[in-house]
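Right, one structure below, let's go through it.
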Amino acid sequence: MADDARADGPESTAAGEARAEALAGGSEAQRASGSDRHSPSGNRALPGDSRTQSGDGVPTVALDASALMAPVEADLRLFEELDRLLGGYGTVVPAAVSAELDGLRGGNGAAATAASVGADLAERAETVETDESYADDALVALAAAGRVDAVVTNDGPLANRVLDAGAPVIALRGRNTLAITEP
């Protein structure tokens, strides 16, 4: 059934709510003890781990082109939804995602408009370089290496790859609400 949930989109579960709390800094007991349910794995950075924290102790999320285009395509207030879901957070955009948006905005129509808005929103995030030139591969590499705490995307196949890499995915659930899906 977990695969069905992935195919149909994120499911609002207790685990997803717990992850939102963990991404936002964890429960008081977890913050006091420095532990979290993922700590034994050692493959992923946790909210208290400085490997992925943006310089001010908050989780870091990577943004995909589909998420950056969602304000036009799905009437999503991306940063307001991330604020609601995570509280404080840092954002990064792989250079390959910026290049993808630049290519899309050169066209005509709704997709070009959405890509233009997405490229403008991407400027709010830190641009990060990766060895991968394909945007999806860059996002999976960031997640697999523990360089980000979650990936924000509305791309189903990419979401599955990120989940398989062991990182949570933040995606649309419903018309214009974001939710976290755990790996």
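Numbered by this note's numbering, the letters in the sequence shown go through residues -6 to 176 in order.
We treat Cβ as the ideally placed atom computed from N, Cα and C, and that holds for glycine.
Please read these numbers as outputs of a predicted model, since none were measured by experiment.
- Rounded to whole angstroms, the separation of the alpha carbons of residue 147 and residue 59 is 6 Å.
- Only exposed fits residue 120, as fewer than 16 other CB atoms lie within 10 angstroms of its CB.
- For residue 67, the secondary structure class from DSSP, reduced to helix, strand or coil, is coil.
- Annotated three-state conformation of residue 172 is strand, per DSSP.
- Taking a cut-off of 8 Å for Cβ pairs, the segment 57 to 71 and the segment 106 to 117 touch, as three or more such pairs fall below it.
- Here residue 128 has 57, 58, 87, 89, 90, 92, 93 as same chain residues with Cβ atoms under 8 Å from its own Cβ, once five neighbours each way along the sequence are excluded.
- For residue 120, the three-state secondary structure derived from DSSP is strand.
- Residue 75 places its beta carbon less than 8 Å from that of residue 171.
- Secondary structure of residue 83 (DSSP, three-state): strand.
- Remark: C-beta atoms of residue 155 and residue 138 do not approach each other more closely than 8 Å.
- In this structure residue 85 is not in contact with residue 163, their Cβ atoms being roughly 13 Å apart against a cut-off of 8 Å.
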